[in-house]
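Take a look at the structure set out below.
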Amino acid sequence: MKQWDKKYQRTADFIVVEGPEAGGHLGFAGKELADSRQVKLDFTENVRATLQMKQQYEEKYGRKIPVFVAGGIFIKEDVQEVLALGADGVQVATHFVATQECDAHEACKQAYVNAKEEDLVIMESPVGMPARAIRNPFVEQMMEGAEKITFCYKCIKGCHPGKPKYCIQLRKI
Ligand SMILES: Cc1cc2nc3c(=O)[nH]c(=O)nc-3n(C[C@H](O)[C@H](O)[C@H](O)COP(=O)(O)O)c2cc1C
Numbered sequence: 127m128k129q130w131d132k133k134y135q136r137t138a139d140f141i142v143v144e145g146p147e148a149g150g151h152l153g154f155a156g157k158e159l160a161d162s163r164q165v166k167l168d169f170t171e172n173v174r175a176t177l178q179m180k181q182q183y184e185e186k187y188g189r190k191i192p193v194f195v196a197g198g199i200f201i202k203e204d205v206q207e208v209l210a211l212g213a214d215g216v217q218v219a220t221h222f223v224a225t226q227e228c229d230a231h232e233a234c235k236q237a238y239v240n241a242k243e244e245d246l247v248i249m250e251s252p253v254g255m256p257a258r259a260i261r262n263p264f265v266e267q268m269m270e271g272a273e274k275i276t277f278c279y280k281c282i283k284g285c286h287p288g289k290p291k292y293c294i295q296l297r298k299i
């Protein structure tokens, strides 16, 4: 926000603060995730700090910048907790996947519905970040070894040929 303000005199339309309990790519170091209690406490502080930080931009640009909290928002109490901190709303992905409105394949939805807590694993994403996934034969293979990548789509900054264990473009097909 500092950069956009300085370089382009623009500010955010809204902010999403995503915590350590999210599905998919995580913006936390693997060792940070190991201490789940501490990481949750730090995240609550992070939400508070974001709510405070954005005020200067709201004042400068004369408009509200809503903050949405994401990651592990599953039940009513999770929503109430973040609203009580001062957030304007939540962003939900994992629980949305199994809904009728989501256009994922039925088999994918069913994998979400059937998953138990012990089926969730942290694997390494192609950009080297931790990623939360549902254990399946492919995930197990990638946790042990790597697939042979013969072509690079140059789709994500930070993913360098030869480094990732799998190609994210091929997994989307
Ligand atoms: C299947 C799936 C795909 C996602 N893809 C993206 C993505 O492409 N870009 C992104 O910024 N976040 C992505 N996310 C993260 C979500 O936007 C969201 O912030 C996060 O999953 C919220 O946590 P939850 O899964 O616990 O609800 C994805 C999440 C899931 C479950």
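Plus 126 on top of the position in the sequence shown (first one is 1) and you've got the numbering used here.
Heads up, the beta-carbon is just placed ideally off N, CA and C, and yes, glycines get one too.
A quick note: this is a predicted structure, and the numbers were derived from the prediction, not measured.
Check: Tell me which residues share the same chain as P256 and place their Cβ nearer than 7 angstroms to its Cβ, disregarding the 5 neighbours each side in the sequence.; Outcome: L152, F154, G156, L159, I248, E250
Check: In terms of DSSP beta bridges, what is R258 paired with?; Outcome: G150, I248
Check: Let me check you understand the geometry: is the CB of E144 closer than 6 angstroms to at least one non-hydrogen atom of ligand 1?; Outcome: yes
Check: Quick check: what's the CA-CA separation for H286 versus G271?; Outcome: 17 angstroms
Check: Between which two residues does the alpha helix (DSSP H) containing G156 stretch?; Outcome: 156-160
Check: Given a threshold of 16 other Cβ atoms within 10 Å of its Cβ, counted over all protein chains shown, does V239 qualify as buried or as exposed?; Outcome: exposed
Check: Compute the beta-carbon to beta-carbon distance between V216 and V195, rounded to the nearest angstrom, for a pair I have assumed lies under 8 angstroms.; Outcome: 5 angstroms
Check: Find the nearest neighbour of G212 within the set I191, Q295, V218, F277, judged by alpha-carbon distance.; Outcome: I191
Check: Are the beta-carbon atoms belonging to G197 and E147 less than 7 angstroms from one another?; Outcome: yes
Check: Does the beta carbon of G271 fall short of 6 angstroms from some heavy atom of ligand 1?; Outcome: no
Check: Considering only the beta carbon of each residue, do A224 and K235 sit closer than 7 angstroms?; Outcome: yes
Check: Excluding the 5 residues preceding and the 5 following P252 in the sequence, name in chain order all residues of the same chain whose CB lies nearer than 6 angstroms to its CB.; Outcome: C285, P290, I294
Check: Would you decide whether G288 is buried or exposed? Buried here means 16 or more other CB atoms lie within 10 Å of its CB.; Outcome: exposed
Check: Under a Cβ-count criterion, where at least 16 other Cβ atoms within 10 Å of its own Cβ denotes burial, should A259 be classed as buried or exposed?; Outcome: buried
Check: Going by the beta-carbon positions, is the gap between G145 and F169 smaller than 7 angstroms?; Outcome: yes
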